[in-house]
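Asker: Just passing along the structure, written as structure tokens.
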Amino acid sequence: MTKQLLILGGGTGGVIVANRLRRMDPELAITMIEPSPVHTYQPGLLFVPFGKGTVEEFQRPLERQLHSGVKLLQTKVESVDINAHTVATTSGDTLRYDVLVVATGATLLPEETDGLLGEGWGKNAFTFYDPAGSAALAKAMDSFASGRLVVNVIDMPIKCPVAPLEFSFLAEAFFTDRHVRDQVDITYVTPLDSAFTKPVASARLGRLMEERGIKVIPSFNTGQVDESGNRLISYDGQEVHYDLLVSVPLHGGAPYVSNSPGLGDEINFIPTDEATLQSLVAPEVFVIGDAAGLSVSKAGSVAHFEGEVITKNILAFLAGKPLPARFDGHANCFIETGHRKALLIDFNTSIEPLPGHFPGPFGLPLLKESWLNHLGKLAFETMYWHALLPGISIPLIGPEMPTRGKGSLAVTEL
Amino acid sequence: MAAKLVSGVEVELNSEGFFANPKEWSEEMIPELAKAEGIDPVTERHLEVIRVMRHEYETKGSGPSVRALAKVSNVPIKELYQLFPKGPAKQAARIAGIPKPIGCI
Ligand SMILES: Cc1cc2nc3c(=O)[nH]c(=O)nc-3n(C[C@H](O)[C@H](O)[C@H](O)COP(=O)(O)OP(=O)(O)OC[C@H]3O[C@@H](n4cnc5c(N)ncnc54)[C@H](O)[C@@H]3O)c2cc1C
């Protein structure tokens, strides 16, 4: 009998899995559930507030990103029954699966922070983490010429943990180009004890922030936003005033997870094996991308590296064989630092981001600002639509992290 | 890594003060570990949170983040900060003798 593979979500991870499996096993019946007719290139949302592109330019019809033979159901998941192996949709259907791939990503939860959705939301408080917010912020940025811009991460985990830092760097360049930099104070408010999660990269990024005159307020746990008074208030009573707030709201797994007994953890992410990407809740449930409760960063590059591992393991599972592939937590990202420069970091769960070059000695400079990396960040979009989503392996960039071309771990060298 | 004497027992702590070997921990160490975090006296409410922390680690292999801690312990985040002012997840994890919760990394 034909095996039924059901993919929940048609974002980065869902599309990668569908297209890869379609090529690896044309016999498999693949169905995807996704409510949105368009697929968004989310890294593009970082640029929209600075007038570099519109949301529509970063969106394409989902159907066209899928290989023929992948069946797309345009509806929403209502709940999953991991014992009966069925998924209920909001349109009233029940679908059975042999293997389920959860790829429903992370959901923004601005409503979980007191006051964030108050009277200032959409006036002088925004997020660039979703398409509508990013477009609205573009208007606010365009008319902001003096005062204090605060970029605030409420709590981890968030998607692409470097994106709010990049936003701060791009804002610095944006106001410099507009000759109002001296009128605008840029302050970065984070719950972490320094700029970024990984110590080596954090030291480098921290120094860059200082050079660009971006203030950092670390260890600030936002408990409340007082939008009538334009201030952030932390759980321990500290306050930060803002004129324009760019907030990265709390993230959680998709809400249907809480209607699905046994599927998720307290914040609706799916407990998942770090190496095989099989869920820890049921053997026929696999998880890719931001939906997984893993220690790796929530990033598109991670979903890409996971794609190779998870598809091999799914086919082995269907054939009744042990799971052969192992994921090492490989992630990399270009960090836009403004002024047409970017820096590239490459790391996994056990190895820190290191200085050097990627993917080999003559590749792109790691942990150093360069124009090449900025071009790399821009070229990434082309790669995304034409190689990453179709599930083509990019030469030299496999799931295992390359260690050639990297220096030893020494902060003082940076 | 550094060895430290807690309640007369030698235990291994990492550079951030988390237990390297959670098995070395026992409930009797709570008051002394809490004092080192500036928490004195330890109330019943503190103990509730510390026990949840320990239990979560023992059943799931890692301690919860602040948000998850609030959900499993039914103690609101605001109160968690009143109980453990320097960061509930980290402080309760140190007192519960478990490694740094993944959510805080
Ligand atoms: C501003 C910004 C900048 C970023 N920059 C970078 C970057 O430079 N580099 C990088 O690597 N990553 C970046 N990322 C992160 C990257 O976009 C995500 O990590 C990646 O898209 C994760 O893929 P995913 O498939 O797990 O989730 P997503 O791509 O978010 O897809 C999840 C899908 O599930 C669907 N879904 C949700 N609920 C349901 C339901 N109930 N039923 C059916 N479907 C549902 C959603 O509609 C969505 O299409 C950025 C993200 C943002 C927001």
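From first to last, the protein sequence lines are chains A and B.
What the first sequence shows, in the numbering used here, is residues 1282 to 1695, in sequence order.
What the second sequence shows, in the numbering used here, is residues 9 to 113, in sequence order.
Beta carbons are placed, not taken as given, at the ideal position from N, Cα and C, and that holds for glycine.
Would the beta-carbon of L1397(A) fall within 9 Å of that of L1287(A)?
Answerer: Here residue 1397(A) is taken as the residue at index 116 of the first sequence, counted from 1. Here residue 1287(A) is taken as the residue at index 6 of the first sequence, counted from 1. No. Outside cutoff.
Asker: Could you name the residues of the same chain whose beta carbon sits closer than 7 Å to that of T1371(A), not counting the 5 residues immediately before and after it, in chain order?
Answerer: Within the first sequence, numbered from 1, the residue matching residue 1371(A) stands at position 90. So the list reads T1356, K1357, E1359, once near-sequence residues are dropped.
Asker: Under DSSP, the alpha helix (DSSP H) around E52(B) begins and ends at which residues?
Answerer: The residue you call residue 52(B) lines up with position 44 of the second sequence. 52-68 is the extent of the alpha helix (DSSP H) around E52(B).
Asker: Between which two residues does the beta strand (DSSP E) carrying I103(B) extend?
Answerer: Stepping through the second sequence from its first residue, residue 103(B) is reached at position 95. From DSSP, I103(B) is part of no beta strand (DSSP E) but of the alpha helix (DSSP H) over 96-103.
Asker: Buried or exposed: Q1464(A), going by 16 or more other Cβ atoms within 10 Å of its Cβ?
Answerer: Along the first sequence, read from residue 1 onward, the residue named residue 1464(A) stands at position 183. It counts as exposed.
Asker: Alpha carbon to alpha carbon, how far is V1566(A) from S1500(A)?
Answerer: Walking along the first sequence from the start, residue 1566(A) turns up at place 285. Walking along the first sequence from the start, residue 1500(A) turns up at place 219. Approximately 37 Å, taken between the alpha carbons.
Asker: Is V74(B) near ligand 1, going by C-beta to nearest heavy atom under 8 Å?
Answerer: What you label residue 74(B) is simply residue 66 of the second sequence in a count that begins at 1. V74(B): no, Cβ never under 8 Å from ligand 1.
Asker: Measure the CB-CB distance between G1619(A) and D1524(A) and report whether it falls below 9 Å.
Answerer: Residue numbering aside, residue 1619(A) sits at position 338 when the first sequence is read from its first letter. Residue numbering aside, residue 1524(A) sits at position 243 when the first sequence is read from its first letter. Cβ distance not < 9 Å, so G1619(A) and D1524(A) don't count as in contact.
Asker: What's the call for G1332(A), buried or exposed, on a 16-neighbour Cβ count within 10 Å?
Answerer: Reading the first sequence from its first residue, position 51 is the one you call residue 1332(A). Exposed, by the Cβ-count rule.
Asker: Is the beta carbon of T1561(A) sitting closer than 9 Å to the one on D1554(A)?
Answerer: As a working mapping, residue 1561(A) is identified with position 280 in the first sequence. As a working mapping, residue 1554(A) is identified with position 273 in the first sequence. According to the sequence provided, residue 1561(A) is Leu. The question's Thr does not apply to it. In contact: L1561(A) and D1554(A) (Cβ atoms closer than 9 Å).
Asker: Would you say K108(B) lies against chain A (beta-carbon separation less than 9 Å)?
Answerer: For the purposes of this step, residue 108(B) is taken as the residue at position 100 of the second sequence. Not one chain A Cβ lies under 9 Å of K108(B).
Asker: Around the C-beta of L1302(A), are 16 or more other C-beta atoms found within 10 angstroms, so that it is buried, or is it exposed?
Answerer: For the purposes of this step, residue 1302(A) is identified with residue 21 of the first sequence, where counting begins at 1. Buried, by the Cβ-count rule.
Asker: Is A1299(A) close to ligand 1? I mean its beta-carbon at under 8 Å from any heavy atom of the ligand.
Answerer: The count along the first sequence starts at 1 and reaches residue 1299(A) at position 18. No.
Asker: Does any residue of chain B bring its CB to less than 9 Å from the CB of D1458(A)?
Answerer: Translated into positions along the first sequence, residue 1458(A) becomes position 177. It does not: the Cβ of D1458(A) has no partner Cβ on chain B nearer than 9 Å.
Asker: Taking the alpha-carbon of W1652(A) as reference, which of T1312(A), W1666(A), P1671(A), E1617(A) has the nearest alpha-carbon?
Answerer: Position 371 of the first sequence, counting from 1, holds the residue named residue 1652(A). The candidate whose alpha carbon is nearest that of W1652(A) is E1617(A).
Asker: Does S23(B) come within less than 9 Å of chain A when only Cβ atoms are used?
Answerer: Position 15 of the second sequence, counted from the start, is the residue given in the question as residue 23(B). For S23(B), the answer is no, since every Cβ of chain A falls outside 9 Å of its Cβ.
Asker: If you follow the alpha helix (DSSP H) that Y89(B) is part of, which residue opens it and which one closes it?
Answerer: As a position in the second sequence, residue 89(B) is number 81, starting the count at 1. Note, Y89(B): alpha helix (DSSP H), 85-91.
Asker: Beta carbons nearer than 9 Å to chain A: which residues of the stretch 76-90 of chain B have them?
Answerer: A76, L77, A78, K79, V80, I85, K86, L88, Y89, Q90
Asker: Rank G25(B), E20(B), A42(B), P39(B) by C-alpha distance to the C-alpha of I32(B) and give the top, closest one.
Answerer: Looking up residue 32(B) in the second sequence gives position 24. According to the sequence displayed, residue 32(B) carries Glu and not Ile. Comparing Cα-Cα distances from E32(B) to each of G25(B), E20(B), A42(B), P39(B), the minimum goes to E20(B).
Asker: Could you tell me the alpha carbon to alpha carbon distance between H1348(A) and A1299(A), rounded to whole angstroms?
Answerer: Indexing the first sequence from 1 puts residue 1348(A) at position 67. Indexing the first sequence from 1 puts residue 1299(A) at position 18. So the alpha carbons of these two residues sit roughly 8 Å apart.
Asker: Helix, strand or coil: which one does DSSP assign to S1674(A)?
Answerer: To locate residue 1674(A), count along the first sequence from 1; it is residue 393. Three-state DSSP puts S1674(A) in coil, outside helix and strand.
Asker: Does the distance from the CB of G1292(A) to the CB of H1320(A) come in under 9 Å?
Answerer: Within the first sequence, the letter at position 11 stands for residue 1292(A). Within the first sequence, the letter at position 39 stands for residue 1320(A). Result yes, Cβ atoms of G1292(A) and H1320(A) sit closer than 9 Å.
Asker: Which term fits T1279(A), buried or exposed, when burial requires 16 or more other beta carbons within 10 angstroms of its beta carbon?
Answerer: The structure shown does not extend to residue 1279(A), since chain A is modelled only from 1282 to 1695, so the question has no answer here.
Asker: On the criterion of 16 or more Cβ atoms from any shown chain inside 10 Å, does D1458(A) qualify as buried, or is it exposed?
Answerer: As a first step, residue 1458(A) is located in the first sequence; it is residue number 177 there, counting from the start. Exposed.
Asker: Which of the three DSSP states is assigned to N1364(A) in this structure?
Answerer: Counted from its first residue, the first sequence places residue 1364(A) at position 83. Of the three classes helix, strand and coil, the one that applies to N1364(A) here is coil, per DSSP.
Asker: Does the beta carbon of D1571(A) sit closer than 9 Å to a beta carbon anywhere in chain B?
Answerer: Sequence index remark: in the first sequence, residue 1571(A) carries index 290 (1-based). Not closer than 9 Å to any Cβ of chain B, the Cβ of D1571(A) fails to qualify, so no.
Asker: Looking only at its chain, what residues have a beta carbon closer than 6 Å to the beta carbon of E1650(A), apart from the 5 residues adjacent to it on each side?
Answerer: Position 369 of the first sequence, counting from 1, holds the residue named residue 1650(A). The beta carbon of E1650(A) sits closer than 6 Å to the beta carbons of T1618, K1622, L1624 from its chain, once the five residues preceding and following it are set aside; these are given in chain order.
Asker: Can you find the residues in the same chain that come closer than 8 Å, C-beta to C-beta, to V17(B), ignoring five residues on each side of it along the sequence?
Answerer: Position 9 of the second sequence, counted from the first residue, corresponds to residue 17(B). Counting only Cβ-Cβ distances below 8 Å, and skipping sequence neighbours, we find E32, S34, M37.
Asker: How far does the alpha helix (DSSP H) with G1619(A) in it reach, from first residue to last?
Answerer: Counted from its first residue, the first sequence places residue 1619(A) at position 338. No alpha helix (DSSP H) contains G1619(A), which is instead part of the beta strand (DSSP E) from 1612-1619.
Asker: Cβ closer than 9 Å: which chain A residues qualify as neighbours of P72(B)?
Answerer: Your numbering for residue 72(B) matches position 64 in the second sequence. Within 9 Å Cβ-Cβ: D1546, E1547.
Asker: Taking C-beta to C-beta, are V1351(A) and L1289(A) nearer than 9 Å?
Answerer: By one-based count along the first sequence, residue 1351(A) stands at place 70. By one-based count along the first sequence, residue 1289(A) stands at place 8. Against a cut-off of 9 Å, the Cβ pair of L1289(A) and V1351(A) comes out as no contact.
Asker: Can you tell me which of M1305(A), L1327(A), A1535(A) puts its alpha carbon nearest to the alpha carbon of P1316(A)?
Answerer: Taking the first residue of the first sequence as position 1, residue 1316(A) is located at position 35. The candidate whose alpha carbon is nearest that of P1316(A) is A1535(A).
Asker: If we count Cβ pairs, one from each stretch, closer than 8 Å, do we get three or more for the stretch 1565-1583 of chain A versus the stretch 1402-1420 of chain A?
Answerer: no
Asker: Count the other CB atoms within 10 Å of the CB of R1488(A); is the residue buried (16 or more) or exposed (fewer)?
Answerer: What you label residue 1488(A) is simply residue 207 of the first sequence in a count that begins at 1. With fewer than 16 Cβ atoms within 10 Å of its Cβ, R1488(A) is classed as exposed.
Asker: Look at the alpha carbon of Y65(B) and the alpha carbon of P1552(A), and state the distance between them as a whole number of angstroms.
Answerer: If you number the second sequence from 1, residue 65(B) lands on position 57. If you number the first sequence from 1, residue 1552(A) lands on position 271. The alpha-carbon atoms of Y65(B) and P1552(A) are separated by roughly 14 Å.
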